[in-house]
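Peer 1: Every letter in the sequence shown is one number past the one before it in the numbering used here, and letter 197, counting from 1, is 203.
No residue lacks a Cβ here, since even glycine has one placed at the ideal position from N, Cα and C.
Below you'll find the structure I mean.
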Amino acid sequence: MNARRRQCRRRAEKRCEDNKDWDRRARHRCAGAERSGRESKTQTTARSNLTRPGTPRKLPTPSSIRRPMKALVTGGAGFIGSNLVDALLARGDEVTVIDDLSTGKRRNLERAIANGATLEPVDIRYGEAVDDVVARTRPEVIFHLAAQIDVRKSVADPAADARINVEGTANVLSAAQAHGVRRFVNTSTGGAIYGEGRVIPAPEDHPSAPEAPYGLSKWCAEQYCEIFTRLHGLSTVSLRYGNVYGPRQDPLGEAGVIAIFCGKLLDGGTALIFGDGLQTRDYVYVDDVVDANLRAAETDTTGPVNIGLGQEKSVLDIVEVLKQNAPNGFDPEHAPERPGEVQHIALDPSRAREALGWEARVELDEGLKRTLDSLR
Ligand code: NAD
């Protein structure tokens, strides 16, 4: 055999080995779905992602190499929760949602319910009702997103805010502990807990100085998670989000500035800016937040973890980007500054990178474009 033929043969053998390796991985990734006895979406995705060497393929992420699991999402009819529910279903998980539909919407779950998710219309302030759902559904992981999220309501009625955000969280934690839940992923907030940024981007050990009862109740809920870890060994983590934006955020409600501005832009309205518009936040796209949740469920990291880009963006920056997507113009109007508003904050995502292997992938321009498209 001449040298050229030997080289060709070696290449062919190598291709063959590579293919065996990919087949082994494909079998491994599909095994869980097969055990569930049905052609799940995980299985379909695993097949389509596993292409032969030489063709472009999606790299497996830690959260995609896994068997399907049973998940409970509190607040799953809300903006972030419903995006998480869709992602869990898309990879073949069995999903139950607890939501009292106070701010969440049944229509956010229409597709999810058609794909097998179950909605339990339960208020987390009622511990027995929560316990009953967890006892019946036996989730391995609970993603706890249900909350009173309106800062102004928390100022007007701090006790009502605490009943949902503190007592409600304690109820969900108790049910998790009583029924052997493997992992509890709590949802928290960076800006509302840190208050005015003394160090920017703020690390998790930045002093906690909430400016409103909402930040205090979310911080308190984090402490309950840590008590349940210390007292009962329940595996908990608290993801401290920046300002989340993206599809399904309510442009008519009290939600973030991005949803409100996108709604105004599409209605031909103007952007109302309180103060000079130079106040900054760390805006994080909802798909990145969902990814952080999926990763957090598969680690045993405890305590708080910032979920942000580590970048400050001002309200004027947002208007500038939106203007580029507004053929008829989009000029801001200014109103007096609102007292008590945090001026500058951004979150240091170093711990999320190290502990969860997480990094935001969607920059503001791209995220705004996707949000506008979803509303159009
Ligand atoms: P959302 O209002 O869309 O979602 C909250 C969900 O919780 C809703 O579906 C609501 O019906 C449900 N809920 C409220 N009270 C309940 C109760 N007593 N019992 C059962 N369900 C109840 O808001 P969101 O923006 O999707 O927020 C989700 C989570 O993310 C919250 O925990 C919030 O504190 C946290 N968070 C949000 C942001 C953001 O920028 N949107 C930032 C930081 C943290």
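1) Helix, strand or coil for Asn312 per DSSP?
2) Is there at least one non-hydrogen atom of the ligand NAD closer than 8 Å to the beta-carbon of Phe267?
3) Take the Cβ of Asn334 as the centre, count every other Cβ of all protein chains shown within 10 Å, and call the residue buried at 16 or more, exposed below.
4) Take Gly316 as the anchor and find which of Tyr289, Ala303, Ile324, Glu339 has the nearest alpha-carbon.
5) Between Gly5 and Arg144, what straight-line distance do the alpha-carbon atoms span, to the nearest angstrom?
6) Hey, Gly248 and Gly186: beta-carbon distance below 9 Å or not?
7) Glu365 bridges to which residues according to DSSP?
8) To the nearest angstrom, report how far apart Leu278 and Glu339 are at their CA atoms.
9) From the DSSP output, which residues share a beta bridge with Thr193?
10) Okay, do the region 371-381 and the region 324-332 touch, 3+ Cβ pairs below 8 Å being the bar?
11) Would you mind listing the beta strand (DSSP E) stretches within the region 258-287 that are 3+ residues and don't spill past its ends, in chain order?
12) Terminal residues of the continuous beta strand (DSSP E) containing Pro338?
13) Once you ignore the five residues that flank Arg254 on each side, which residues in its own chain have a CB closer than 7 Å to its CB?
14) Taking 8 Å as the line, does the beta carbon of Gln255 fall inside it for any heavy atom of the ligand NAD?
15) Quick one: what does DSSP say Thr307 is sitting in, helix, strand or coil?
16) Count the C-beta pairs between the region 217-235 and the region 264-280 that are closer than 8 Å, then say yes if the count reaches three, no if not.
17) Report the CB separation of Leu151 from Val243 in whole angstroms; it is logged as a contact under 8 Å.
18) How many Å lie between Glu100 and Leu300 at the Cα?
19) Quick check: the Cα distance between Pro127 and Ser108, rounded to an integer number of angstroms?
20) Does Lys111 come out as helix, strand or coil in the three-state DSSP assignment?
21) Figure out for me which residue from Pro345, Leu378, Asp163 has the closest Cα to the Cα of Pro257.
Peer 2: In this structure, then:
1) As a position in the sequence shown, residue 312 is number 306, starting the count at 1. Three-state result, Asn312: strand.
2) For the purposes of this step, residue 267 is taken as the residue at position 261 of the sequence shown. Not under cutoff, so the answer is no.
3) Within the sequence shown, the letter at position 328 stands for residue 334. Exposed is the call here.
4) Taking the sequence shown and counting its residues from 1, one reaches residue 316 at position 310. The candidate whose alpha carbon is nearest that of Gly316 is Tyr289.
5) Only positions 7 to 382 of the chain appear in the structure, and residue 5 is not among them; the question remains open.
6) For the purposes of this step, residue 248 is taken as the residue at position 242 of the sequence shown. For the purposes of this step, residue 186 is taken as the residue at position 180 of the sequence shown. No, these two residues do not count as a Cβ contact at 9 Å.
7) Taking the sequence shown and counting its residues from 1, the one referred to as residue 365 is at position 359. The partner list for Glu365 (beta bridge, DSSP) is empty, contrary to what the question assumes.
8) The residue you call residue 278 lines up with position 272 of the sequence shown. The residue you call residue 339 lines up with position 333 of the sequence shown. Rounded to whole angstroms, Leu278 to Glu339 spans 5 Å at the Cα level.
9) Counting from one through the sequence shown, the residue named residue 193 turns up at place 187. Thr193 is bridged to Leu245.
10) With a cut-off of 8 Å on Cβ pairs, the region 371-381 is in contact with the region 324-332, counting three or more such pairs.
11) 277-280
12) Looking up residue 338 in the sequence shown gives position 332. Counting along the chain, the beta strand (DSSP E) containing Pro338 begins and ends at 338-341.
13) For the purposes of this step, residue 254 is identified with residue 248 of the sequence shown, where counting begins at 1. Around Arg254: Phe85, Ser88, Asn89, Asn114.
14) In the sequence shown, counting from the first residue as 1, residue 255 sits at position 249. Yes.
15) Sequence index remark: in the sequence shown, residue 307 carries index 301 (1-based). Looking at Thr307 - three-state DSSP - the assignment turns out to be coil, as it is neither helix nor strand.
16) no
17) Position 145 of the sequence shown, counted from the start, is the residue given in the question as residue 151. Position 237 of the sequence shown, counted from the start, is the residue given in the question as residue 243. Rounded, the Cβ-Cβ distance is 13 Å, inconsistent with contact.
18) Position 94 of the sequence shown, counted from the first residue, corresponds to residue 100. Position 294 of the sequence shown, counted from the first residue, corresponds to residue 300. Each residue's Cα considered, the two are about 14 Å apart.
19) Your numbering for residue 127 matches position 121 in the sequence shown. Your numbering for residue 108 matches position 102 in the sequence shown. The straight-line gap from Cα to Cα measures roughly 10 Å.
20) Counted from its first residue, the sequence shown places residue 111 at position 105. Note: Lys111 maps to coil in three-state DSSP.
21) Here residue 257 refers to the residue found at position 251 when the sequence shown is read from its first residue. Taking only the C-alpha atoms, the option nearest Pro257 is Leu378.
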